[in-house]
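First to last, the protein sequences are chains W and B. First residue of the first sequence: 203, per the working numbering; consecutive thereafter. First residue of the second sequence: 6, per the working numbering; consecutive thereafter. Quick reminder that beta carbons are idealized off the backbone N, C-alpha and C, glycines included. The next block holds one structure in the form of structure tokens; read it before the comments.
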Amino acid sequence: MTERTSGAAAVRMEKVGKWFGDFHALKGIDLEVANGERIVICGPSGSGKSTLIRTLNQLEPVQEGRIFVDGMELTGGDRNVDAIRREVGMVFQSFNLFPHMTVLENCMIAPRKVKKIDKAEAEKTARHFLERVRIPEQADKYPAQLSGGQQQRVAIARALCMNPKLMLFDEPTSALDPEMVKEVLDTMIDLAQEGMTMLCVTHEMSFARSVADRIIFMDRGEIVEVAPPDRFFDAPEHERTRNFLGQISH
Amino acid sequence: MIREFGTSDFLFILFAVRWTLLLSAIAFAGGAVGGLVIALARVSQNRIFSGLALGFIRVFQGTPLLMQLFLVFFGINIFGISVTPLLAAAIALTLHASAFLGEIWRGSIQAVPGGQHEASWALGLGYLDRMKSIILPQAARISVAPTVGFLVQLIKGTSLASIIGFVEMTRAGQIINNATFEPFTVFGLVAVFYFILCWPLSIAARQLERRFSRATAR
């Protein structure tokens, strides 16, 4: 099952269901994301939005349905999981940088160990992406010496060093002090403008409005509404979406 | 036939220190290898491995070290294989240390935040790379202080090997005491030697603990 369909969607989820014990976290999720598309997922806490993107590199295994990433079936065996994790970059709310390694080493470890790229080449790639997230001068520092915003940009660079086809962002700015949110969002906007396929769970509605091709609203484990930003913010179809927007705008 | 405690008695006990050190070193080195295996088995997803490791830990933590020594020494001899007291003590102490270090290191591995595992999974790192490069180096920092603390226990624990007849420091003391009958002098001296071995380690453990608790404050 490793062959892939040509022109495959970046992500396809078919009737995906997920339980945590008795709690039904994802209910009948159907979703297709095209290559180059930027998706923002929002919804109240506990709605399953983080769980949804965490299923895409199997940080959360699902109990029913099928998931395809870049034409490969994630739910089709461990070998596919490994292959898909190499193509999917992820940025976490709490950064999760490796504290015992320098910024440069954080960026080099996966290309070296997973892709078996030699040291000089890996370092070149790492410095290139650190430049892109605008912190080349921090390469030899340890994560604890950086601000939250800088750490999150390192985390983005670390993911990019694997040349992923798809980037997942799980509330990347929620753990940041307000004055650092912008530098991380700007980095994400750059990435979006370069055509990266992105799925972002975020509460940053201005980012959603300016960057997203489609916004997904989730509630109680279901996708309630999917719409382009204009329609989503100005004329939401569902009552639950209107309630949510009413609560967050003011 | 009781004689005075003299220089030669002092030297006899002093030279027995090397046997205490040798036994401690063997047990610690063997226990480090065994402990790593036990710790990794304990945290593995495989129920059989983690169950076996748990059973091993429970047995060796739940029985006295002296019984473990007896079981290995007399147990192996029952099967007609003769073991020297040194070999028996080395085996028993290695098993003992494997269980305790395994439990200490299991805790240290599990103290590494879950986000570190998730980040390494998300990057596609395989089990060996994940453990070797990400998890174990961080667990090692957490475990240094309790590991050194256990080493102190282990050094003192080697004194039990005297009971199966291995002439380390404590047994040397008993031999001298039988000849001189000056227990206060003899065992006082033995205790001082243990103290000289263990005290610096205790200090080191405390300093390492302070250093790493500062280093891991993120």
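For V386/W, there are no neighbours in chain B by C-beta distance under 8 Å, as the nearest C-beta there is about 17 Å away.
For H302/W, the C-beta contacts it makes with chain B under 8 Å involve P142, Q143, R146, in order along the chain. Checking the DSSP bridge columns, you'll see R240/W partnered with M400/W.
Neighbours of S296/W in chain B, taken as residues whose beta carbon is under 7 Å from its own, are G120 in chain order. Close partners of D284/W in chain B (Cβ separation under 8 Å): G129, G131. If you look at A429/W, you'll find it in the beta strand (DSSP E) that goes 424–429.
If you draw a 10 Å sphere on the C-beta of W24/B, you find 16 or more other C-beta atoms in it, and that means buried. Per the coordinates, the alpha-carbon of G40/B lies some 7 Å from the alpha-carbon of F105/B. Using beta-carbon distances, V428/W does not count as an interface residue toward chain B, since no partner is under 8 Å.
Chain-order list of chain W residues neighbouring E123/B: R256, L261, M292, F294, N298, by C-beta distance under 9 Å. Against chain B, a Cβ distance below 8 Å from R287/W picks out W126, A127, L128, G129. A Cβ of chain B is located within less than 8 Å of the beta carbon of V316/W.
If you draw a straight line from the Cα of A127/B to the Cα of D280/W, it comes to about 14 Å. Per DSSP, the beta-bridge partners of F419/W are C244/W, E427/W.
Under the three-state reduction of DSSP output, I86/B falls in the coil class, being neither helix nor strand. In the three-state reduction of the DSSP assignment, L348/W falls in the coil class.
For S29/B and L159/B, the gap between their C-alpha atoms comes out near 7 Å. For a Cβ distance threshold of 8 Å, nothing in chain B lies close to M398/W: the least Cβ distance comes to about 16 Å. In terms of beta-carbon proximity, S138/B lines the interface with chain W, with at least one pair separated by less than 8 Å. Ranked by Cα distance from S252/W, the first of P374/W, V426/W, I391/W is P374/W. Taking the Cα positions, R334/W is about 20 Å away from L401/W. When DSSP states are grouped into helix, strand and coil, G193/B belongs to the helix group.
Residue range 119–127 is occupied by the alpha helix (DSSP H) that includes H122/B. The beta carbon of E439/W sits closer than 7 Å to those of E427, all from its chain and outside the five residues before and after it, given in chain order. Secondary structure at G112/B: helix, using DSSP grouped into helix, strand and coil. Counting along the chain, the unbroken beta strand (DSSP E) around E266/W starts and ends at 266–271. Residue environment for K318/W: exposed (fewer than 16 other C-beta atoms within 10 angstroms of its C-beta).
Comparing alpha carbon positions, the residue from Q347/W, C363/W, V213/W closest to L332/W is C363/W. Within the segment 362–381 of chain W, those residues whose Cβ lies closer than 7 Å to any Cβ of chain B are, in chain order, M364. Where L228/W is concerned, the enclosing beta strand (DSSP E) starts and stops at 225–235.
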